[in-house]
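Numbering (the numbering used here), first residue to last: 948 to 1870.
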């Protein structure tokens, strides 16, 4: 009853076409899925034994205890069956997420998976847009409600204020109970338009990055106690995996759509490019031919050779197998053929002018293009008379000299497969023009005139070339100057925002310091000293924008942030982008610190105004540090350093605020410098030691191994835990050297202590290098230690940062006997979609879940631990509970199937390992 029913749409006149029954993709018995054969047999045996025990009870009074034991056995069998169903469901969801099924079929199969875990005949999935306050029914199946889901239909909150689905999405937490109870809990009024009431209703929201993005709802119309806390926790856990499956399926569909669009665009671009290439090739051939003809008119030794070479050039441009040149005699009475190549008419003899096709071109002074039909028509009209073999297509163009026609160039085809075009006519006309220039050499006087004309043309052409070369040279000089100016600008400005960069800011800081020192010297003569300040700004949670909506949207946010800062400061101030999401502002000639603080607050207020990025409304904020000029500063880098330190103080105080660098911060900075120096000296000494915390088998308290924990024996401060110095080590990169000192010490202990295994913690930083595995194995070989007794503990971040490299590293280590344990499991992705790909020996349940076993969230923690155990069982690996501090926690872990643990209850970290060692785990 929590959906938006078809009745609403029919009343509003939206064109609803009427309801249809939802397809039920599962058989009736799918509500109660079959157990694994082992589980079914145990239940049958237990039932049979219980029946026998009841019969015996009439005869003996001691049968009650046997019945109770059988009842407990049945409960354990049912718990095992639930875990098996959950494992199978997670496998199916993971498989569906990577399948290529259509959305409708995938949703039906997801429905079947949920129906295998609980009663889910009435089931639907809804997606929610918290920005637009609207939702869509992605899937809907109900045996009483005829509503048909339309995934593309968007329903806004103001249209359905009494919808239980909308109330659940706004509430953001799981809700269960009857329709009346849920309405009372969510403060929603009754509305018959939303479908029939149910006896039991369970809805859980789906979250993405702590934001509600949808929900899954199951309901029963005739079974009031269908769902309880266990079903609620189970459905909430499964819901997140279903959300992952939906996200991956939608992402794959979007990727396929984009690939298809990109493919079509590339195909069209390829066709256009091929056409352009063909056209360019044709133009290049024509240009080469024209240059060659122009060259031949000057370089050919004789006219005969010139004619033959022109024929070769024409043959490269069009079909010229049958080609001849006809010229008028000196007296204009005869037609001569100084060059003729023809496959049918081997020779053409001189003839008197008559009514031939060639004579027709000479008399008209225009090109003629005629096919067989046109030739016949003109011959029938008496315009000409054919000589020699009849051609299928004929093309003739006139030869000119001094605007007078002196001859004809002709090509012809005897095959109906070859025809000439208007383009061929234009081309041959142009060639004929160049041949006419060459023919001028026949006459001595004309040859001399033509030579002078040609010389003048060459001089003019060369003059134009030189002028063009000079113009190009001037353009190149100008372009080089512009390029130098551009490079200078780029070297001193940020490419994204156009603001000054760090280099330019440091130059201006140097000038400001010089001016301030000069002003300080003059202040003794009565002048007011000049004061300036540096503001260091860092956007809060900027990485979230990049990770959620992409780096392009992050760039847009940086540009908008720079624009707002520039609009807030005065014209004489300098706003620079230092890199990433860091900005710095130099404000000069201020009255004092209060002026800098007022400007800082105005900048924070300006940045805090909402803006739209990638279709989402974002409320940016920033942390800002202020460093005021003081004579102790000698360089701009020192001012930036202290302003940066103040900024981190502001960020640590809660973000969206400013802080002023003071002597306390200076002292803290000096302490950090001292600690860094001590850390460097400690690396060269023998100050780092390993403390070993035992890992215990919960059944008999036997120690199976130890986790090596880093400690620093400081010469002045005593024994330091990693939390007191690891931040400094990560900032300056020294922590990796410390890790390798620790690894060498642990491996050396392995070589002399022959019992149990030792696990070492490996930072994700090590997994970003290609030689970690080889370097660790070399340490083991050098110490003569047994690699089978060494474990590495890694987090999910190390696995997912670079999956191929992480997989190679783990497989290399496993091939030599070094196994891997996944630390802090449950706080990251914790999904079979990636976990089954890596060779992991065991999962270490995070201490937060172990602590929750005895807290207010006990039921949720139990459900999470049970799910983790199910995952481990599916992968064939074991689990270790971390942070066990009470007997109750230990007992609950054993009851949930966790056989191993560590914590203060079982043993504190110590420099010496525990002596009682159990046989190593074989899994």
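Where is the CB? At the ideal position from N, CA and C, for every residue including glycine.
Whose C-beta lies closer than 6 Å to the C-beta of residue 1033 among residues of the same chain, with five residues either side of it excluded? 1817
Let's test the definition: count the other Cβ atoms within 10 Å of the Cβ of residue 1851 and tell me whether it reaches 16, buried, or not, exposed. exposed
Who are the near neighbours of residue 1592 in its chain, counting only those whose CB is closer than 7 Å to its CB and skipping five residues on each side? 1572, 1608, 1612, 1616
Name the two residues that bound the continuous alpha helix (DSSP H) containing residue 1904. This structure does not reach residue 1904, given that the chain is present from 948 up to 1870, and the question cannot be answered.
Three or more C-beta pairs below 8 Å linking the region 1297 to 1315 and the region 1335 to 1355: yes
Residue 1064 in three-state terms, based on DSSP: coil
With distances taken Cα to Cα, identify the nearest neighbour of residue 1686 among 1700, 1707, 1703, 1699. 1707
Which listed residue (1119, 1582, 1163, 1102) has its alpha carbon closest to that of residue 1087: 1163
Would you say the beta carbon of residue 1833 is closer than 7 Å to some non-hydrogen atom of the ligand FAD? No copy of the ligand FAD occurs in the structure displayed, which carries no ligand at all.
Per DSSP, the bridge partner or partners of residue 1072: 1086, 1163
Sort 1512, 1825, 1480, 1588 by Cα distance to residue 1552 and report the nearest one. 1512
To the nearest angstrom, how far is the alpha carbon of residue 1829 from that of residue 1847? 9 Å
For residue 1535 and residue 1452, what's the separation of their Cα atoms in angstroms? 13 Å
Under DSSP, the beta strand (DSSP E) around residue 1315 begins and ends at which residues? 1315 to 1318
Please work out which residues of its chain come closer than 6 Å, Cβ to Cβ, to residue 1845, disregarding the five sequence neighbours upstream and downstream, and give them in chain order. 1826, 1828
Would you mind listing the beta strand (DSSP E) stretches within the region 1788 to 1812 that are 3+ residues and don't spill past its ends, in chain order? 1789 to 1792
Check residue 1857 in the structure and name its three-state DSSP category. strand
Counted within 10 angstroms of its Cβ, other Cβ atoms place residue 1400 as buried (16 or more) or exposed: exposed
Are the Cβ atoms of residue 1382 and residue 1342 separated by less than 8 Å? no
What separation, rounded to the nearest whole angstrom, lies between the Cα atoms of residue 1096 and residue 1208? 29 Å
Which same chain residues end up closer than 7 Å to residue 1180 when comparing Cβ atoms and leaving out the 5 residues on each side of it in sequence? 1806, 1807, 1810
With 16 other CB atoms within 10 Å as the buried threshold, where does residue 1521 fall? buried
Compute the distance between the beta-carbons of residue 1697 and residue 1745, then report whether it is under 8 Å. no
Check whether residue 1174 and residue 1143 have beta carbons under 8 Å apart: no
Going by the beta-carbon positions, is the gap between residue 1508 and residue 1448 smaller than 8 Å? no
Meets three-Cβ-pair contact criterion under 8 Å: the region 1294 to 1302 and the region 1399 to 1418: no
Quick one: grab the DSSP three-state call for residue 1849. coil
Neighbour-count burial assignment, residue 1594, 16 or more Cβ in a 10 Å radius: buried
Straight-line Cα distance separating residue 1197 from residue 1515: 43 Å
Under the rule that 16 or more other beta-carbon atoms within 10 Å means buried, what is residue 1538, buried or exposed? exposed
Within a Cβ cutoff of 7 Å, which residues of the same chain sit near residue 1719, ignoring the five residues on either side of it in sequence? 1713, 1756
Would you be able to state if there are at least three C-beta pairs under 8 Å between the region 1216 to 1231 and the region 1065 to 1077? no
My output table needs one value for residue 1763: the three-state DSSP class, helix, strand or coil. coil
According to DSSP, simplified to helix, strand and coil, what is residue 1493? helix
Inter-residue spacing [alpha-carbon to alpha-carbon] between residue 1332 and residue 1415: 52 Å
Quick one: give me the first and last residue of the beta strand (DSSP E) that residue 1259 is part of. Looking at the DSSP string, residue 1259 is not in any beta strand (DSSP E); the run it does join, the alpha helix (DSSP H), is 1250 to 1264.
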